[in-house]
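Notes to accompany the following structure.
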Amino acid sequence: PEHDGTTPLPLVLDFHGLTEGADVHAQLTGIGAYGASHGFVAVIPQGTGDLARWAAGPGGSAGEPNIDVDFVNAMLDQVEDSICIDTSRVYATGMSNGAMLTSMLGCRLAGRLAAVAPISGATTSVGWRKTVRWWSATCW
């Protein structure tokens, strides 16, 4: 549907997997067109490196800086400044390495995200403990 530019829209952040890149991920998921036809904004950011990736994985502590968490936080500021976003309906999802980042964002940006939906991204806690299904149990 056409957007009037004044009604706040939900936002879905969709993070690609390791080496996939944003363009390929956008083509595979079709989330941009789906969002446009179903009334939400979809943003598919590009990871860094020769083999596109996100700096996400087990280890560290919640207080340690993470370049991609900082990037997403700044990106949210920029998107919210340029598009009328309903800040109470901001969601994150991702595949594989993007799911690992999504899980991390669910912990570190909990105040900015309404929900996260990591897909096929293993997270483990430090010390080789068993993988936990509930993402908040593996916050790092």
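The opening position of the sequence shown corresponds to residue 1389 in the numbering used here, with each subsequent residue numbered one higher. Using N, Cα and C, we set each Cβ at its ideal position, and we do this for glycine too. Computed from a prediction, not measured in an experiment: that's the story for all the values here.
Starting from Arg-1496 and walking both ways along the alpha helix (DSSP H), at which residues does that stretch end?
Within the sequence shown, numbered from 1, the residue matching residue 1496 stands at position 108. Here the alpha helix (DSSP H) through Arg-1496 covers 1485-1496.
With DSSP run on the structure shown, which of helix, strand or coil describes Ala-1462?
Locating residue 1462 in the sequence shown gives position 74, counting from the first residue. Helix.
What three-state label does DSSP hand Thr-1417 in the structure shown?
Numbered from 1 along the sequence shown, position 29 holds the residue referred to as residue 1417. Helix.
Report the CB separation of Leu-1399 from Val-1478 in whole angstroms; it is logged as a contact under 8 angstroms.
By one-based count along the sequence shown, residue 1399 stands at place 11. By one-based count along the sequence shown, residue 1478 stands at place 90. With 8 angstroms as the limit, Leu-1399 and Val-1478 qualify as a contact, their Cβ atoms being about 5 angstroms apart.
Does the beta-carbon of Glu-1390 have 16 or more other beta-carbons within 10 angstroms, so that it is buried, or is it exposed?
Here residue 1390 refers to the residue found at position 2 when the sequence shown is read from its first residue. So Glu-1390 ends up on the exposed side.
Tell me which same chain residues have a C-beta within less than 6 angstroms of the C-beta of Ala-1480, skipping the five on either side of it?
Here residue 1480 is taken as the residue at index 92 of the sequence shown, counted from 1. Excluding sequence neighbours, Ala-1480 sits near Leu-1401, Thr-1490, Leu-1493, Leu-1501, Val-1504.
Is the separation between the beta-carbon of Gly-1405 and that of Ala-1487 shorter than 9 angstroms?
Working through the sequence shown from its first residue, we reach residue 1405 at position 17. Working through the sequence shown from its first residue, we reach residue 1487 at position 99. Yes, the Cβ-Cβ distance between Gly-1405 and Ala-1487 is below 9 angstroms.
Out of Ser-1508, Leu-1497, Asn-1485, point me to the one whose CA is closest to Leu-1439's CA.
For this step, residue 1439 is matched to residue 51 along the sequence shown. The option with the nearest alpha carbon to Leu-1439 is Asn-1485.
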